[in-house]
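Residue numbers (my numbering): 12 to 308.
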C-alpha cells in the first residue's frame, strides 16, 4: 500500500499538473496554482513543507526528505482535491506519492537501460486521476517540491517546475555535474555503476538536473558555489545553447563532456547504443543529355 502524501489547498505541493498525453505530439497543460508562504513566528522566515522537513531532519536531499514525509503520512486521513482550472483544461486529483514499485514502470526503466536499484533511490511513484481515470508514473522531485513525470506514454510535470539539485551529505563538494533531464542523470549513474562496480564514487560530486533548458538561469544561481562544473547536455542545438549560456557565466571552471557520447543525441541514447540520426543531403543530381537518334551526323 502506497504511503500517501496529500496535496491539500494549504500544502506546499499545491499546483496544477502539466502532462503531455499521447506522446510527443499530444497537448501539454500546465498552470500554477496560487502559492502562499506563511513565515514562521519562531524563525521569522517562510517556506514549504520540504523546507520544514529540511530543518527538522538537517538535510537538503529532496528524495530523503520526501521519504521522511511519507513515513508520517499513513497517520493522516487522505483528502481529495481538485485544482482550479479553466473549463477547457483537465483536472488532476488524488495525487499519491509512494515508493517506486509498479512492474510496468520498472519495465519502462529497464527498457531505457536504467539500473532499477539506482532509480528506486532517486525517484518516486505517482498515482493520480485525470477526468475520473487513474494514471501512474515515475516522479522525479525538484527543489521547489514539484515532480518531473514520466511513463511510457507521456512526460510532464507536477508544478512548480524547477531544477533538481542533488547535494551529498557531509562536506561540501567542489564539483557538480549538470544534466538536461532525469533520464540523462539516471543514465550517468547506471554507466558509472556498470563501469566502476567496485568503486563508482557516485557521491564524489553533486548533481544539477535542469529538467528543461529554460531553467538554465535557475541552475546558474546554485552553480556559483562550485569550483568545477562538468556538463553532459544533449547533442542538439538546445543543449549547445544551454552550455554556451553557462559557459559565459563560468568560463575557466566549466567543461563540456558531450563529446564523450558524440554521435548520440543524449546520454540515455549512448547508454542504449542508439546512434543519432543525422540529416544527410541527397547526392547532386546529374543531368544526362539524351542520345541523338538516327545516324548521329
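Just so it is clear, CB atoms sit at the ideal spot from N, CA and C, and this is done for glycine as well.
Keeping to the same chain, check which residues put their C-beta closer than 6 Å to that of residue i; ignore five residues upstream and five downstream.
i, result
"residue 243", "190, 268 and 278"
"residue 159", "151, 168, 193 and 222"
"residue 233", "176"
Below 8 Å on the Cβ atoms is my contact criterion, and I expect residue i with residue j to pass it. Report the Cβ-Cβ distance as a whole number of Å.
i, j, result
"residue 125", "residue 197", "5 Å"
"residue 178", "residue 71", "6 Å"
"residue 227", "residue 257", "6 Å"
"residue 120", "residue 127", "6 Å"
"residue 129", "residue 204", "6 Å"
"residue 148", "residue 74", "Between residue 74 and residue 148 the Cβ distance is about 16 Å, and since that is not below 8 Å, they are no contact."
"residue 116", "residue 162", "6 Å"
"residue 264", "residue 236", "Actually they do not touch by this definition, with Cβ atoms about 11 Å apart."
Taking the beta carbon of residue i as the centre, do at least 16 other beta carbons fall within 10 Å, making it buried, or is it exposed?
i, result
"residue 168", "buried"
"residue 79", "exposed"
"residue 201", "buried"
"residue 253", "buried"
"residue 114", "exposed"
"residue 275", "buried"
"residue 108", "buried"
"residue 273", "exposed"
"residue 212", "exposed"
"residue 245", "buried"
"residue 134", "buried"
"residue 217", "buried"
"residue 195", "buried"
"residue 172", "buried"
"residue 144", "exposed"
"residue 280", "buried"
"residue 91", "With a pLDDT of 43 at residue 91, under the threshold of 50, the predicted position of this residue should be treated as unreliable, though the coordinate-derived value follows. The residue is exposed, with fewer than 16 neighbouring Cβ atoms inside 10 Å."
Keeping to the same chain, check which residues put their C-beta closer than 8 Å to that of residue i; ignore five residues upstream and five downstream.
i, result
"residue 140", "103, 104, 105 and 146"
"residue 174", "153, 154, 219, 220, 221, 222, 226, 229, 230 and 233"
Ordered along the chain, which non-local residues of its own chain (more than five positions away) have a Cβ less than 7 Å from that of residue i?
i, result
"residue 249", "224"
"residue 282", "124, 198, 201 and 202"
"residue 64", "76, 79 and 80"
"residue 111", "130, 131, 134, 135, 136 and 149"
"residue 288", "none"
"residue 311", "Because residue 311 is not part of the residues shown, which for the chain are 12 to 308, the question remains open."
Please tell me whether residue i has its Cβ less than 7 Å away from any Cβ of chain B.
i, result
"residue 251", "Looking at the structure shown, chain B is missing, and only one protein chain is on hand."
Taking the continuous alpha helix (DSSP H) assigned at residue i, which residues delimit it?
i, result
"residue 266", "Unbroken run through residue 266 is the beta strand (DSSP E), 265-267; no alpha helix (DSSP H)."
"residue 285", "That residue, residue 285, is in no alpha helix (DSSP H); it is neither H nor E in DSSP."
"residue 218", "No alpha helix (DSSP H) contains residue 218, which is instead part of the beta strand (DSSP E) from 217-220."
"residue 252", "248-261"
"residue 68", "60-68"
"residue 270", "Segment: none, residue 270 is in no alpha helix (DSSP H) and carries neither H nor E."
"residue 228", "227-234"
Could you please give the first and the last residue of the uninterrupted beta strand (DSSP E) stretch that includes residue i?
i, result
"residue 239", "239-243"
Report task. Note down, one range per segment and in chain order, each alpha helix (DSSP H) of at least 4 residues found wholly within the segment 102-136. Result -> 114-122 and 127-133
Report task. Scan the segment 142-213 and note each continuous alpha helix (DSSP H) run of 4 residues or more that stays entirely inside, going in chain order. Result -> 193-206
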